[in-house]
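Structure, as structure tokens:
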Amino acid sequence: MAQFQNLFSPKEDPEHVVIEFKRSKVMDHSAVEAIDTLAARYQAEGKRLHLRHLSPDCLELLEKAKEMVEVNTYEDPHYHIADSKLG
């Protein structure tokens, strides 16, 4: 999680930052937590984080970052997260 967080610098980053998940897969609850934590950091700086191509399951598990996800039903992946609150 720390390695992912260290890739970003909300204070120095532009007003809008896009993270593209099209060629990646959010595998477990810690990955979802890392995305939410990062979203909170950008919100604290008054900046906008755009999250693209997350699965519907991932979207459902996000809390702070949920409103930052750009949904594209045609292109978004469909997979389940290993450590899921969904059941």
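Here the numbering used here is used: the first residue of the sequence shown is -15, the next is one more, and so on. We treat Cβ as the ideally placed atom computed from N, Cα and C, and that holds for glycine. From a predicted model like this one, the values you see are computed outputs, not experimental measurements.
- Here DSSP, grouped into helix, strand and coil, assigns R32 to strand.
- Judged by DSSP in its simplified three-state form, V10 adopts coil rather than helix or strand.
- Between V2 and H37, the CB-CB gap reaches or exceeds 8 Å.
- By the Cβ neighbour-count rule, L(-9) is exposed, with fewer than 16 other Cβ atoms within 10 Å of its own.
- In this structure, DSSP gives E51 a helical state, which the three-state scheme calls helix.
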